[in-house]
Every structure is written in structure tokens, then in C-alpha cells.
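The next block holds one structure in the form of C-alpha cells; read it before the comments.
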């Protein structure tokens, strides 16, 4: 069962996005949505458990929300280089928001970190980049059920569109993100 607040947040955010309101300013969209729903608890950390396919929004030691995620096509192990289809493991932060993504909203993860860069340099590999938390593709290549039951990204962390709205609203910029095996 969907909570009323979840439904309201999803409806309002979708209405703003579909109407094109604040499309050039994701920060303005976030400020408007938070002001219209002042009781939303803000996360101070994200933890992703790759093996469990779960993203937890945390406030201190409490889990505010948990979401099912899809990962890269080759999800086991640390991302080592461009094109390996792995989701990174390590400590990063939320770097940048994109309301005009090829996916329903996206927030960039700060991959590669210093350890990722050092590994890539030692092995003469390109690190890759553009690791995001995002919703479903705007142009789907598969039926919707496929995205619910498969790892399908190039190394990103994907959630449903409704979940992406919540994550967008409940995480400030520079939120730390821990991606665990």
C-alpha cells in the first residue's frame, strides 16, 4: 500500500516535471518541493547493499526509507574500468542533479574516487564515469516488468520513478553514499 505522503510527493513532483516547471533549475524544483512538504525527513547518508539490491536512506543510524535497486549488468565486484558494466564499491557523495536526463531524474555519484583513480592508473585503464542513481529510461527498450527483475544498467543504480522522486527530495547535495558489496 502506498502512503498518502508518498503519493502526494510523487504526484506533485511529476506534475512539476511534466509541466516543465523548473526544468532548467533542479535545485529550484527541490526547494519548491521541500517547502510544500516541510515534514519530509532529510537523509544524511545513503547506503547501498549490492548483494541485497537495496538502497537505504539514512539519518544517523536510522533507516528512513529502503528501495529495491537494479545494478550494472555485471554487478559482482568493484568497478575497475570503463565498459566493465559494474557498479562501483566504496565511499562517494552525491555530486550533481540532472532533471533532463535520458532517465527519469538522475543524481551523479562522485565515482571515481582517489582509490579508483590509483587502481586505474596502475593498470593503465580508463576509469569510466557518469555513475548515477536514476529512474527508468525515458525511452524503454524492454517491458516495464523487465526493469523490476533484472540488473540492466551500465554500472548505475536504478530505482522506480516514484522511488527516484523520493530520493531526489530527501537527499541534499553532497550527501555521502556508501556502496557495499
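Numbering (my numbering), first residue to last: 111 to 291. All C-beta atoms, glycine included, are put in the ideal place defined by N, C-alpha and C. Treat the numbers as computed from the prediction; the structure is a model and nothing was measured.
Name, in chain order, the residues that DSSP records as bridge partners for residue i.
i           : result
residue 182 : 263
residue 234 : Answer is none; residue 234 lacks a bridge partner.
residue 286 : 203
residue 213 : 247
So, with DSSP's three-state summary, where would you put residue i?
i           : result
residue 254 : helix
residue 279 : helix
residue 229 : helix
residue 224 : helix
residue 152 : coil
residue 208 : strand
Taking 6 angstroms as the limit between beta carbons, can you name the residues of its chain near residue i, skipping five residues before and five after?
i           : result
residue 273 : 177
residue 201 : 288
residue 286 : 155 and 203
Can you give the Cα-Cα distance for residue i and residue j, rounded to whole angstroms?
i           : j           : result
residue 248 : residue 213 : 5 angstroms
residue 282 : residue 205 : 10 angstroms
residue 292 : residue 291 : Residue coverage of the chain in this structure runs from 111 to 291, which leaves residue 292 outside it and unanswerable.
residue 254 : residue 158 : 23 angstroms
residue 163 : residue 257 : 13 angstroms
residue 88  : residue 215 : Any question about residue 88 goes unanswered here, given that the chain covers just 111 to 291.
Considering only residues of the same chain and omitting the five flanking positions on each side of residue i, which have a CB-CB separation below 7 angstroms?
i           : result
residue 185 : 160, 196, 197 and 261
residue 237 : 191, 192, 222, 226, 227 and 230
Tell me which same chain residues have a C-beta within less than 8 angstroms of the C-beta of residue i, skipping the five on either side of it?
i           : result
residue 280 : 150, 151, 152, 153, 167, 174 and 175
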